[in-house]
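All letters in the sequence shown, in the order written, are residues 1 to 576 by full-length UniProt numbering. C-beta: ideal position from N, C-alpha, C; glycine also.
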Amino acid sequence: MTTAQEHKIIPSVALYPHFVFADACFLSGPASRNLLSSPVRYLEDHLIRHVVAGLMLSFLNCCLKMRRKITQWKEIEGRSVTLQLCLTHFRCSYEISLDAARDQEKSLKWIAPENKLMMQGFEWHVPADQRHWKRLRKALSSLKSAGVDNIWIPPGCKGMDPSGAGYDVYDLATRWGPKEDLQELVLAAQHHEMGIYWDTVLNHKAGADSIEKFTAVKVDPGGGWVGFEFAGRGGKYSSMKYHYEHFTGVDWDDLQKEGAIYKIVGPRKDWATDVSDEHGNYDYLMFADLDHTHPEVRADIFKWAEWLGSQLPISGMRIDAAKHYSAAFQRDFVDHLRQTIGADYFLVGEYWRGEVNMLLSFLKLMENKVSLFDVPLLGRFSVLSKAEGSDLRKIFRGTLVEQCPSHAVTFVGNHDTTIIAPFFKPMAYALILLRSQGQPCVFYGDLYGLLGDPTSPCVPSCNGKLPILMRTRKLYAYGEQHDYFDKKNCIGFVRYGNICRPFGLACIISNTIATHKRMYVGVHHAGEEWTDVLEWCLVTVIIDSCGYGIFPVAAKSLGVWVNAKAKGRKSLSDPL
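Following this line, the structure appears as structure tokens:
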């Protein structure tokens with residue numbers, strides 16, 4: 001969805017061409033497009049006062065040929081936009097039914113879908129007690145109430161040690177819990193209409209069963225661990241036995257007891273070329289690097305994906321280390337998943353590069369069949385959180401959500417990194433949760449706290465306010481968006497709501513001193529009392545007769561303002 005300044009023509013005209021009112025009250029602020037997109041609100045608020053003047057809507061005259069166009073120019077927050085309104089010639093009638101208007105809106109899809117939210121359902125220091133699947137299942141109901149629709153779970157396959165994760169992909173009993181608990185989690189998620197995303201590690205294998213001798217060349221400061229027999233499974237799920245010919249490199253020479261990167265020598269053995277160009281060629285990451293050009297490797301991975309789909313009704317995958325192995329193979333893998341498991345299968349890649357052009361290039365190689373985590377945005381958050389008085393107006397510059405929002409998964413932290421200053425995290429979460437662009441993902445460690453340091457208490461980030469921001473997204477972050485990125489150290493934006501969720505919100509962020517910002521929320525809110533859902537600013541803002549409010553914010557803080565009487569306000573602070 002585009003921001004207000006990108007519009008040249010009121011979007012509602014294209015969607016609702018046969019019945020649009022044109023009057024001065026509609027054209028009174030930057031939210032006019034929101035009023036035009038809500039004829040029910042207009043009918044309820046303005047029909048009586050304007051019926052005397054003869055302006056009345058007739059749903060029976062949609063096919064009349066007599067139409068005229070009205071072009072009006074209006075200055076909105078310093079910008080000229082053309083409002084082209086298609087006004088249907090109508091007959092005067094007092095028999096308009098608001099119920100009919102509502103039915104018409106529904107038939108024309110005026111009801112936008114509810115916002116979606118993804119959650120990473122683990123962090124590195126979750127106890128290795130085999131009870132994590134049960135923990136997640138117990139939390140499903142409260143997470144759903146907070147707006148979570150999809151949970152990315154850790155790799156649910158056997159690890160190389162009791163607390164590890166990842167080498168025998170057919171063994172679903174791990175540190176997180178037994179297979180039965182995992183199946184119960186996925187089925188319970190289905191009951192709550194929530195999806196489960198599997199964390200897929202397809203680049204490498206660790207925890208080999210045996211040592212093999214082969215020719216290799218040290219390429220970075222032999223006998224190596226590359227034999228994967230999986231004796232315990234006895235060929236039950238797959239007869240595939242991995243040996244050195246199925247890999248391109250290893251990181252340990254067991255003969256010399258030396259760690260380095262060793263490239264395996266053999267026919268048609270080489271690093272993949274369609275990978276990240278970081279460090280020249282970034283095909284090798286760690287452990288035993290799989291050779292995705294080997295037909296037996298490809299066939300086994302594809303077979304495993306089908307098997308996983310038969311065992312668990314998951315709805316998507318997170319692709320680990322996407323920049324480290326062939327994009328062509330990943331594209332084939334995605335095609336195979338959607339052909340054999342489901343056309344709507346969601347895939348998001350972890351492509352860890354800070355340059356947005358690298359992410360865009362990878363998306364092009366993948367034919368835009370996947371989404372990517374917005375690593376450049378995370379980098380922007382980190383820099384701005386650590387530099388005093390940084391320019392907030394540039395916060396989205398050079399990010400994936402700026403340049404390709406439909407394929408951007410925005411995030412503030414994950415199991416690999418927490419690089420944002422604590423005071424800035426609530427601001428960062430507001431910027432990914434409450435805006436119209438991107439698909440946000442919240443982190444388990446931010447929601448529940450990190451367990452890494454046994455001497456420190458496990459404290460959720462954002463002063464425990466993250467669930468409030470999540471619920472605010474679920475209830476109020478809808479409709480057109482208007483940005484107030486006019487001050488270096490204080491930015492804001494407004495969401496105007498839609499026909500089903502008309503309340504809207506106003507958000508203001510300051511990374512220096514306490515200040516305020518005058519923002520337009522709509523004349524239909526005139527006289528309303530708006531308060532900060534976070535309760536960090538305990539004043540009440542009265543919306544004036546022109547639809548503006550003066551919204552304050554504390555130093556190095558944010559405020560998220562909503563009508564105090566909006567539906568759902570009392571539930572925002574419910575315990576998670």
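For residue 524, the secondary structure class from DSSP, reduced to helix, strand or coil, is helix. Spanning the alpha carbons of residue 151 and residue 121 requires a straight line of approximately 6 Å.
Look at residue 516 here: in three-state DSSP terms it is strand. Bounds of the alpha helix (DSSP H) holding residue 296 are 295 to 311. Boundaries of the beta strand (DSSP E) around residue 371: 371 to 373. Membership of residue 408 in any alpha helix (DSSP H) is not indicated; the residue belongs instead to the beta strand (DSSP E) covering 408 to 411. In the three-state reduction of the DSSP assignment, residue 529 falls in the strand class, which pools E and B.
Here residue 472 carries a helix assignment [DSSP, helix/strand/coil]. Per DSSP, residue 540 lies in no beta strand (DSSP E) and is assigned neither H nor E.
When DSSP states are grouped into helix, strand and coil, residue 117 belongs to the coil group.
In the three-state scheme derived from DSSP, where H, G and I count as helix and E and B as strand, residue 464 is classed as helix. Cβ contact annotation for residue 468 (same chain, cutoff 7 Å, sequence separation greater than five): 533, 534, 572 and 573, in chain order. The beta carbon of residue 557 is closer than 7 Å to those of 510 and 536 in its chain, skipping five residues each way along the sequence. Within the DSSP secondary-structure output, residue 562 pairs in a beta bridge with 531. Measuring C-alpha to C-alpha distances from residue 518 to each of 490, 329, 156 and 145 identifies 490 as the nearest. Counting only runs of 3 or more residues that sit fully inside the stretch 132 to 159, the beta strand (DSSP E) segments are 150 to 153, in chain order. Looking at the backbone, the Cα of residue 340 and that of residue 402 are separated by about 33 Å.
Between residue 200 and residue 319, the C-beta gap is smaller than 8 Å, which places the two residues in contact. Pairing residue 471 with residue 464, the inter-Cα distance amounts to about 13 Å. From the listed residues 441, 194 and 184, the smallest Cα separation to residue 135 is found for 184. If you ignore the 5 residues before and after residue 396, its C-beta comes within less than 6 Å of the C-beta of 402, all in its own chain and listed in chain order.
If you look at residue 427, you'll find it in the alpha helix (DSSP H) that goes 425 to 433.
The beta-carbon distance between residue 428 and residue 381, rounded to whole angstroms, is 5 Å. This is short enough to meet the 8 Å contact definition.
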